[in-house]
Structures are given as structure tokens and as C-alpha cells.
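Per my numbering, residue 953 is the first one in the sequence shown, and the count goes up by one each step.
No residue lacks a Cβ here, since even glycine has one placed at the ideal position from N, Cα and C.
Note that the coordinates shown come from a computational prediction; the quantities given were computed from them, not determined experimentally.
Worksheet: one structure, shown below.
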Amino acid sequence: MGARRRQPARSSESRRGSRGAGVKTNVREITCKTILTRTGGFLEGYTHTLQPYVGCVYRCPYCYVQALPVHLYHGGAWGDYVDVKINAPERLEAEMTRLKKRDKPVRVFLSSATDPYQGAESKYRITRQCLEVFAVLQPDRLVVQTRSPMVRRDFDVLKRIEGVELNLTLETHDETIRRNLTPHAPSVASRLKTLDAAMETGLPVRVTISPMLPNDPDTFVETLRDRCHTVVVDTYFDGDGSGGMRTERLQVREMYERFGYGEWYRLGAHHALVDALTASLGAERVAYSKEGFNRSVRIVRAAGRSIL
């Protein structure tokens, strides 16, 4: 996606990771020429992606975005910067209006290369403003993908969007593993509370175990049983868009071995969890990788399954 970058307003914000250490994030405001990007491939069930921000303060060490041009040509270290697309809501309104006039299908994945509810959103509210646009100019489908409890703030707007689904990432049930591998991401407990709140609102909810981190399958299943409508499991080998080669270059294998998780970094490590989820929740509620991300939660829920 092209961007017309004016002389940006720069700021440096301090945030705290889960281990309590202050971390500096360079935040700058930019303008974009377009905000909806045509998509396909892994996200073949969608017509567009929407990225309100560039960069992500959660700095997950395995994130495939580190290997993409959007990061490689940026010039900053992964997790140290966030670019705020301050005109995104205005661009979205214009683009949605044009698509509606042309009677074009609009199925949006928000977001695939950033987290729409990272820290900058509390100040700039770009994601919320985009949701307000969608509440008026209704898309055929909108999937909101996040790992942040901040999404609870916008449940009121999400409920006004007819085709909305909430994807909440939860890679493991184990907080120690979460702290070891993703120390800057929200805690397991905070995400479970978010799932509970989302289910109470009646929103269609999918848990994305993506990528799957080390876990105890039975414990993970019990953790999720009443907290979502569907689950998708993904791995480094099928979810990074390169058969695991991008992840290998990011030295994730070495990180696993350093923490004693080496046996989890292998093809087929997900089978035990997928089998346990399927046995407990039913095959209609569990999917793997690409299929799971493209399958509609609404279709599963509308099928009359007793899954609440």
C-alpha cells in the first residue's frame, strides 16, 4: 500500500512490558493514500485487509511481518516503532462509499500486519473510528484480529456491524510460557477475561491459537471450552507464508531450545492439541491454519450448535 508521508509528528512513548521494564516506542503520524488493500492467498476468504498502524509494540519474536518489506524497508527495529495512519478513517469512508456504489463485495480482515489495539490506539482511536465507518457503511464481513484486551472498549461499536467476527489470539494457556516467549504481549488472564466479556455480548468469537506455543492439550481445551464459538490452530510451518522458512530465519528454533521447548519446534507438534479440541468441542468448531482463518464463525453459530 502506498503512503504519502508528510513531515511526521514524532514522539517517544514509554510503555511497560510484562516483566516491568520500561520500553521506548517511537510513534509518528503519517497519512496514507489508501487504507483498504486487496488480498487473497492465505486470506482468500477476504477481499481486503486494513492496517490502521505500521509496526507493533508487542514485538512477538516470531512475527512473520519482520520478514516483509513493510518492516524491512522501514528502518526501525521490530517493536520499537509505530506509525499512526491518522487519515485512515477518512480514507476508509471514501473507499467504502466507492465500493458500495459499484456494488462490490467487501470482506475485510483487520488486521494482518499489525495489532489494531496496541497502545497507540488508546490515544489515537484510529481503529474505533474505522469501526464507526463500518457501522454506517456495512461490509459483507469484518474480522477483527487482536491479542489485546483493549478491544473490549469497542464492543458497543462492534455490535452495530452486522457481519462482524472477533478473532482473539491466545497462543498458549500457560502464563510462564507466554512470559518467556512473548514478554511484551498481554497476559493470558487478561485475554481470558476478554473472551468471557465478548461471549457475554453475543459477538461471534474465534480463538486463534496462532502460532501454537507449547501447551498441555487437555488444560488448553478446558480453558477454551465455553469461551469461544470456534478455534483455529496454526503453526510456524503452515502459517508464515513460506513453509516455515521465514520463521527459521528469525531464529525461533534457537529461542525454543534456549527455554527447553525444542521438542515443540517440529512438524506435527500441533496434532495432539487439534485432536483434543476436536474430541471435546466437535469438528465443526475446530479448524487448522488457512481453512480456519477463512471459515466464518457466523455460519458455525447459525447452524444451531449448542456451543454457548
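Asked, Found
"Just checking my contact of Val1060 with Leu988 at CB under 8 angstroms: how many whole Å lie between their CB atoms?", "7 angstroms"
"My understanding is that Met1164 touches Val1185, with C-beta atoms under 8 angstroms, so please give their C-beta distance in whole angstroms.", "6 angstroms"
"Does the count of Cβ pairs from the segment 1069-1084 and the segment 1028-1036 closer than 8 angstroms reach three?", "yes"
"Candidates Val1159, Pro1013, Leu1094: which alpha carbon is nearest Leu995's?", "Leu1094"
"Are there 16 or more other CB atoms within 10 angstroms of the CB of Ala1137, so buried, or fewer, so exposed?", "buried"
"Taking all protein chains shown into account, decide if Val1088 is buried (16 or more other Cβ within 10 angstroms of its Cβ) or exposed.", "exposed"
"What does the Cβ neighbour count give for His1000, buried or exposed, with the cut at 16 atoms within 10 Å?", "buried"
"Would you check if the distance between the CB atom of Leu1308 and the CB atom of Leu1122 is smaller than 9 angstroms?", "Residue 1308 cannot be examined here, being either before or after the span of the chain that is shown, 953 to 1260."
"So, helix, strand or coil for His1023, using DSSP?", "helix"
"How many angstroms separate the CA atom of Glu1290 from the CA atom of Val1249?", "This structure leaves residue 1290 out entirely; the chain is present only between 953 and 1260."
"Identify the continuous alpha helix (DSSP H) that holds Gln1081 and give its terminal residues.", "1078-1088"
"Please go through the same chain and pick out, in chain order, the residues whose beta-carbon is closer than 6 angstroms to the beta-carbon of Thr1066, but skip the five residues on each side of it.", "Gln1003, Tyr1005, Cys1008"
"Which value, in whole angstroms, describes the spacing of the CA atoms of Asp1126 and Asn1167?", "7 angstroms"
"How about Ala1239 and Thr1175: are their beta carbons less than 9 angstroms apart?", "no"
"Have a look at Glu981 and Thr1079 and give me their C-alpha separation to the nearest angstrom.", "14 angstroms"
"Provide the residue span of the alpha helix (DSSP H) that contains Asp1148, from first to last.", "1140-1153"
"Within a Cβ cutoff of 7 angstroms, which residues of the same chain sit near Gly1214, ignoring the five residues on either side of it in sequence?", "Tyr1208"
"Determine the closest residue to Leu1020 out of Arg1198, Arg1210, Thr986, with distance taken between C-alpha atoms.", "Arg1198"
"Roughly how far, in whole angstroms, is the beta-carbon of Ala1149 from the beta-carbon of Arg1104, given that I think they are within contact range, below 8 angstroms?", "5 angstroms"
"I'd like to know whether the C-beta atoms of Gly1071 and Thr977 end up nearer to each other than 9 angstroms.", "yes"
"Express the C-alpha separation of Asp1190 and Arg1099 in angstroms, rounding to a whole number.", "20 angstroms"
"So Tyr1208 is in the alpha helix (DSSP H); what residue range does that whole segment cover?", "1204-1210"
"Would you tell me roughly how many angstroms separate the C-alpha atoms of Ile1129 and Lys1052, rounded to the nearest one?", "45 angstroms"
"Quick check on Arg990: buried or exposed, where buried means 16 or more other Cβ atoms within 10 Å of its Cβ?", "exposed"
"Could you give the C-beta distance for Thr1153 and Pro1101, rounded to a whole number, given that I count them as a contact under 8 angstroms?", "About 14 angstroms separates the two Cβ atoms, so there is no contact after all."
"Who are the near neighbours of Asp1170 in its chain, counting only those whose CB is closer than 8 angstroms to its CB and skipping five residues on each side?", "Ala1228"
"The beta strand (DSSP E) spanning Val1060 covers which residue range?", "1059-1062"
"In the DSSP assignment, what residue or residues form a beta bridge with Asn1039?", "According to DSSP, Asn1039 bridges with nothing at all."
"For Ala1271, does the three-state DSSP call read helix, strand or coil?", "No statement about residue 1271 is possible, as the shown extent of the chain runs from 953 to 1260 and does not include it."
"With H, G and I counted as helix, E and B as strand and the rest as coil, what does DSSP make of Ile1129?", "helix"
"Give the single residue among Tyr1014, Lys985, Gly992, Gly993 whose Cα lies nearest to the Cα of Gln1203.", "Tyr1014"
"Can you tell which of Thr1134, Tyr1025, Ala1231 has its C-alpha closest to the C-alpha of Arg1177?", "Ala1231"
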